[in-house]
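In what follows, a structure is listed as structure tokens, so that the remarks can point back to it.
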DNA sequence: TTCAGCAAACTAAACGATTCATCAGGGGCT
DNA sequence: AGCCCCTGATGAATCGTTTAGTTTGCTGAA
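Residue numbers (my numbering), protein chains in the order written: chain A, 10 to 350; chain B, 10 to 350.
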């Protein structure tokens with residue numbers, strides 16, 4: 010059992026014949042310490058490989074330099090990218106990150122929030138589960154003075170900073186692109202109308218059509234329930250059986266787009282010649298399907314970065330985050346599935 | 010600024026007219042406290058929502074109930090699954106997890122290890138970066154008595170517990186499956202021979218051929234450098250231009266398999282009729298390519314679980330982990346790309 | 001010469017929980 | 001009655017660091 014005991018401030022002080030407080034101040038470059046002493050202590054610390062005991066520091070300062078990050082699903086291109094961005098920003102600013110996933114269950118989310126409190130993180134970033142309808146468990150954090158930043162799936166009436174994807178413009182640009190490619194009858198596989206993202210994307214879709222002088226048809230707008238590949242398949246089938254089938258489909262998600270393309274390929278409908286497809290999310294698989302799938306990139310990495318940045322800024326200024334919403338711009342990635350010229 | 014001050018043991022003691030130590034012992038169900046007092050204290054704590062200050066406990070006990078987890082790449086199906094498994098196990102046993110990624114760079118790995126030490130995690134799980142050739146930065150942890158568990162990409166001569174995929178049997182089963190499907194000339198797109206996984210998979214490939222009485226041909230074994238889709242494409246082209254081209258390809262990775270299939274589809278070679286393909290990793294995209302890709306699932310979730318379990322067991326027993334290697338069995342997922350009957 | 005002023009160092013308290021060593025009091029035993 | 005032992009409770013030390021408050025000693029001005 011190695012357990013090589015770490016050297017402490019006390020050891021330094023004793024060996025150098027100074028007091029513990031002097032050693033502490035010297036290392037932290039506090040005022041009221043001579044340059045000589047500072048050098049002396051720093052050299053000694055360096056040489057003896059002094060590492061301050063973080064637990065003691067945390068305890069004393071009542072800060073941990075640790076942030077909590079709660080996501081619904083970890084094995085997910087979008088969320089792992091968000092985490093990646095948050096980790097990068099946190100690292101840059103000297104913080105570490107405690108990660109937890111809820112599997113889209115409220116009870117896990119509450120548990121995670123409690124755990125974060127217990128681990129005394131300085132603040133948290135969270136993307137809410139689908140089940141979450143109120144934020145009592147987050148209020149507990151706020152009441153303790155630990156700031157919260159919501160991202161992606163947020164609760165509007167919870168007074169915290171929020172970072173969300175610019176779904177409206179993402180959808181708007183995607184549909185406008187389809188129009189520019191010459192598609193005339195564009196359908197939209199949308200999601201639940203009680204989910205914000207779905208609402209915004211639908212709004213963007215409609216606005217793009219309107220702005221281009223195209224009419225919106227109700228039968229071209231279908232709402233998925235569980236946003237699965239199967240639904241993409243089934244609803245595309247429905248769409249293509251309409252008396253006046255669409256010549257392009259804007260899908261709420263790449264997964265739905267996969268199902269959509271699967272059906273079309275089975276029926277030997279040519280993509281993009283006969284029907285154009287654009288997805289949303291830009292999963293890595295968009296590159297690997299045939300034809301490759303055009304998609305709206307949500308810049309998840311940037312979202313993680315931004316959320317983390319806001320959180321740390323809040324911690325630094327000491328103000329308990331303002332209730333501001335930040336939009337992350339999307340980027341349309343055009344691939345084969347929608348390029349007709 | 011809310012900052013509702015938490016109640017402390019001292020408060021409880023004062024209000025109840027007992028000593029702090031009695032309160033502490035009562036809450037921790039120590040011996041030598043009457044049942045009456047225990048009930049009294051527990052009820053009071055419950056009522057006033059007492060939460061022990063974790064930082065103080067950590068400090069006092071020199072334990073954090075926090076584990077470190079270091080992976081090369083977070084945005085990656087395999088690694089995010091590992092993390093997911095580790096988080097699940099950690100949660101089950103009351104631990105939290107600090108996550109960090111190295112982007113396959115040694116310098117980041119060293120930094121991450123340092124950060125973990127500084128954050129005083131109780132122990133860490135790590136999958137090494139490609140650049141890592143020695144484990145000095147991990148020895149620092151071991152010397153502090155913090156156990157380390159290596160997984161996936163490991164350094165054999167570092168005396169820690171290791172959890173790795175059973176690459177040999179995974180490859181063996183994949184190739185045997187191809188043989189059973191009637192393929193006779195099976196090629197293998199392998200990786201670097203200084204990476205353990207590659208060596209093992211190659212060994213499994215050869216053994217399967219030998220056991221089936223088939224001969225191994227050198228020109229059927231190609232070593233990729235960066236294991237990319239492009240390489241899969243290029244090397245498959247090379248293979249198919251041989252005077253005696255293979256009728257099946259076992260690819261070191263799904264990504265390589267993607268490239269392989271891309272080439273074959275472009276040349277209108279029928280998969281699986283003319284050429285069978287099996288990949289390794291079972292990425293989610295294996296389900297979305299056409300035809301769907303047979304692949305060896307590495308059970309990443311289980312690997313994370315196992316690594317975490319070993320780590321926590323080590324912590325509980327207090328022994329600094331034995332140098333044992335645990336193999337995680339693989340599972341062959343047969344899809345269209347290799348099913349000929 | 002004396003003392004205000006200041007820099008540099010020190011002492012000690014504090015953070016909140018755990019735990020070792022101690023103590024009071026009561027019951028049982030001789 | 002005197003002694004021991006046991007139970008239930010207490011006091012105080014401790015973990016390593018930070019920091020408020022104080023002391024020391026020196027310089028330079030009155």
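Idealized CB from N, CA, C, for every residue including glycine.
None of the values given here were measured: they were computed from a predicted structure.
Residues near residue 56 of chain A in its chain [Cβ-Cβ closer than 7 Å; skip 5 each side]
Stepping through the first chain from its first residue, residue 56 of chain A is reached at position 47. Correct list: empty, nothing qualifies.
What residue does the beta strand (DSSP E) around residue 171 of chain B start on, and which one ends it?
Numbered from 1 along the second chain, position 162 holds the residue referred to as residue 171 of chain B. Element bounds for residue 171 of chain B: 170–174.
Can you pull the chain A residues whose beta carbon is under 9 Å from the beta carbon of residue 293 of chain B, in chain order?
Within the second chain, the letter at position 284 stands for residue 293 of chain B. Against residue 293 of chain B, the close residues of chain A are 84, 86, 292, 293, 294, in the order they occur along the chain (beta-carbon pairs closer than 9 Å).
Taking 7 Å as the threshold (beta carbon to beta carbon), is residue 423 of chain A in contact with chain B?
With chain A covering only 10 through 350, there is no way to say anything about residue 423 of chain A.
With distances taken between CB atoms, is the gap from residue 17 of chain B to residue 105 of chain A smaller than 7 Å?
Here residue 17 of chain B refers to the residue found at position 8 of the second chain. Here residue 105 of chain A refers to the residue found at position 96 of the first chain. With contacts defined by Cβ atoms closer than 7 Å, residue 17 of chain B and residue 105 of chain A do not form a contacting pair.
When burial is assigned at 16 or more other CB atoms within 10 Å of the CB, is residue 346 of chain B buried or exposed?
On the second chain, position 337 is the one that residue 346 of chain B refers to. Its Cβ being crowded by 16 or more others within 10 Å, residue 346 of chain B is buried.
Where do the N-terminal and C-terminal ends of the beta strand (DSSP E) with residue 290 of chain B fall, by residue?
The count along the second chain starts at 1 and reaches residue 290 of chain B at position 281. It spans 285–290 - the beta strand (DSSP E) in which residue 290 of chain B sits, taken as one unbroken run.
So, residue 281 of chain B versus residue 344 of chain B, is the Cβ gap smaller than 7 Å?
By one-based count along the second chain, residue 281 of chain B stands at place 272. By one-based count along the second chain, residue 344 of chain B stands at place 335. No, the pair does not count as a contact, with Cβ atoms beyond the cut-off.
Starting from residue 303 of chain A, trace the beta strand (DSSP E) both ways and give me its first and last residue.
Position 294 of the first chain holds residue 303 of chain A. It spans 303–306 - the beta strand (DSSP E) in which residue 303 of chain A sits, taken as one unbroken run.
Would you please verify whether the beta carbon of residue 21 of chain B is less than 7 Å from any beta carbon of chain A?
Within the second chain, the letter at position 12 stands for residue 21 of chain B. So no, residue 21 of chain B is outside the interface.
Give the secondary structure of residue 346 of chain A by DSSP, where H, G and I count as helix, E and B as strand, and everything else as coil.
Here residue 346 of chain A refers to the residue found at position 337 of the first chain. In this structure, residue 346 of chain A counts as helix in the three-state DSSP scheme.
Taking only beta-carbon atoms, is residue 12 of chain A less than 7 Å away from chain B?
On the first chain, residue 12 of chain A is found 3 positions in, with the first residue counted as 1. In this predicted model, residue 12 of chain A has a pLDDT of only 48, less than 50, meaning its place in the structure is not dependable; the value taken from the coordinates is given anyway. Answer yes: the Cβ-Cβ gap between residue 12 of chain A and chain B drops below 7 Å somewhere.
With a 10 Å radius around its C-beta and 16 neighbouring C-beta atoms as the bar for buried, classify residue 175 of chain A as buried or exposed.
Translated into positions along the first chain, residue 175 of chain A becomes position 166. By the Cβ-count criterion, residue 175 of chain A is buried, with 16 or more other Cβ atoms from all chains shown falling within 10 Å of its own Cβ.
Indicate whether residue 83 of chain B and residue 92 of chain A have their beta-carbon atoms separated by less than 7 Å.
Translated into positions along the second chain, residue 83 of chain B becomes position 74. Translated into positions along the first chain, residue 92 of chain A becomes position 83. It is a contact, given that the beta carbons lie within the stated cut-off.
When the cut-off is 7 Å and only beta carbons count, does residue 180 of chain A lie next to chain B?
In the first chain, the residue the question calls residue 180 of chain A occupies position 171. Judged by the 7 Å Cβ criterion, residue 180 of chain A is not in contact with chain B.
Go through the region 163–238 of chain A residue by residue and report every complete run of the alpha helix (DSSP H) that reaches 4 residues or more, in order.
For the region 163–238 of chain A, whole alpha helix (DSSP H) runs of length 4 or above, ordered along the chain, are 176–189, 205–220.
So with Cβ pairs under 7 Å, would you call residue 108 of chain A a contact of chain B?
In the first chain, residue 108 of chain A corresponds to position 99, counting from 1. Closer than 7 Å: yes.
Return the first residue and the last residue of the beta strand (DSSP E) that residue 75 of chain A is part of.
On the first chain, position 66 is the one that residue 75 of chain A refers to. Counting along the chain, the beta strand (DSSP E) containing residue 75 of chain A begins and ends at 75–80.
Please compile the residues from chain B whose C-beta is within a distance smaller than 8 Å of the C-beta of residue 54 of chain A.
As a working note, residue 54 of chain A is residue 45 in the first chain. Below the 8 Å Cβ cutoff, chain B contributes no neighbours of residue 54 of chain A, its closest Cβ being approximately 14 Å away.
From this set, A:191, A:268, A:128, A:33, which residue's C-alpha is nearest residue 302 of chain A's C-alpha?
The count along the first chain starts at 1 and reaches residue 302 of chain A at position 293. Selected option, being the one with the closest Cα: A:268.
Would you decide whether residue 110 of chain B is buried or exposed? Buried here means 16 or more other CB atoms lie within 10 Å of its CB.
By 1-based counting over the second chain, the position of residue 110 of chain B is 101. Burial call: buried.
Mind pulling the chain B residues with CB within less than 9 Å of residue 96 of chain A?
Position 87 of the first chain holds residue 96 of chain A. Chain B residues near residue 96 of chain A: 83, 108, 109, 110.
Taking C-beta to C-beta, are residue 47 of chain A and residue 35 of chain A nearer than 7 Å?
As a position in the first chain, residue 47 of chain A is number 38, starting the count at 1. As a position in the first chain, residue 35 of chain A is number 26, starting the count at 1. It is a contact, given that the beta carbons lie within the stated cut-off.
Closer than 8 Å, Cβ to Cβ, to anything on chain A: give me those residues from the region 41–72 of chain B, in chain order.
If the cut-off is 8 Å between Cβ atoms, the region 41–72 of chain B has 60, 62, 63, 64, 65, 67, 68, 71 near chain A.
Report the neighbours of residue 267 of chain B on chain A: residues whose CB is nearer than 7 Å to its CB, in chain order.
Locating residue 267 of chain B in the second chain gives position 258, counting from the first residue. Here the neighbours are 297.
Please state whether DSSP places residue 258 of chain A in a helix, a strand or coil.
The count along the first chain starts at 1 and reaches residue 258 of chain A at position 249. In the three-state DSSP reduction, residue 258 of chain A falls in the strand class (E or B).
At the level of alpha carbons, what is the spacing between residue 258 of chain B and residue 64 of chain A?
Here residue 258 of chain B refers to the residue found at position 249 when the second chain is read from its first residue. Here residue 64 of chain A refers to the residue found at position 55 when the first chain is read from its first residue. Cα to Cα, the separation comes out at about 54 Å.
Hey, how far is the Cα of residue 149 of chain A from the Cα of residue 156 of chain A?
Taking the first residue of the first chain as 1, we reach residue 149 of chain A at position 140. Taking the first residue of the first chain as 1, we reach residue 156 of chain A at position 147. Their Cα atoms are separated by approximately 10 Å.
If you draw a straight line from the alpha carbon of residue 177 of chain B to that of residue 132 of chain A, how long is it in whole angstroms?
Numbered from its first residue, the second chain carries residue 177 of chain B at position 168. Numbered from its first residue, the first chain carries residue 132 of chain A at position 123. Distance between the alpha carbons of residue 177 of chain B and residue 132 of chain A: 45 Å.
Taking residue 240 of chain A as the reference, give the member of A:251, A:265, A:225 with the closest Cα.
Locating residue 240 of chain A in the first chain gives position 231, counting from the first residue. Of A:251, A:265, A:225, the residue nearest in Cα terms is A:265.
For residue 135 of chain A, the first and last residue of its enclosing beta strand (DSSP E):
Counted from its first residue, the first chain places residue 135 of chain A at position 126. From DSSP, the beta strand (DSSP E) with residue 135 of chain A extends over 132–135.
Starting from residue 158 of chain B, trace the beta strand (DSSP E) both ways and give me its first and last residue.
Here residue 158 of chain B is taken as the residue at index 149 of the second chain, counted from 1. Segment 157–160, the beta strand (DSSP E) holding residue 158 of chain B.
If distances are taken between C-alpha atoms only, which option among A:291, A:251, A:244, A:107 comes closest to residue 271 of chain A?
For this step, residue 271 of chain A is matched to residue 262 along the first chain. It is A:244.
Compare the C-alpha of residue 140 of chain A against each of A:154, A:159, A:114 and name the closest.
As a position in the first chain, residue 140 of chain A is number 131, starting the count at 1. If we check each option's Cα against that of residue 140 of chain A, A:114 comes out closest.
Measuring only the C-alpha atoms, how far is residue 12 of chain A from residue 152 of chain B?
Along the first chain, read from residue 1 onward, the residue named residue 12 of chain A stands at position 3. Along the second chain, read from residue 1 onward, the residue named residue 152 of chain B stands at position 143. Legend: pLDDT at residue 12 of chain A = 48, less than 50; position of this residue unreliable, value from coordinates given subsequently. If you take the alpha carbons of residue 12 of chain A and residue 152 of chain B, they lie about 6 Å apart.
Assigned secondary structure, residue 2 of chain B (DSSP; H/G/I helix, E/B strand, else coil)
Residue coverage of chain B in this structure runs from 10 to 350, which leaves residue 2 of chain B outside it and unanswerable.
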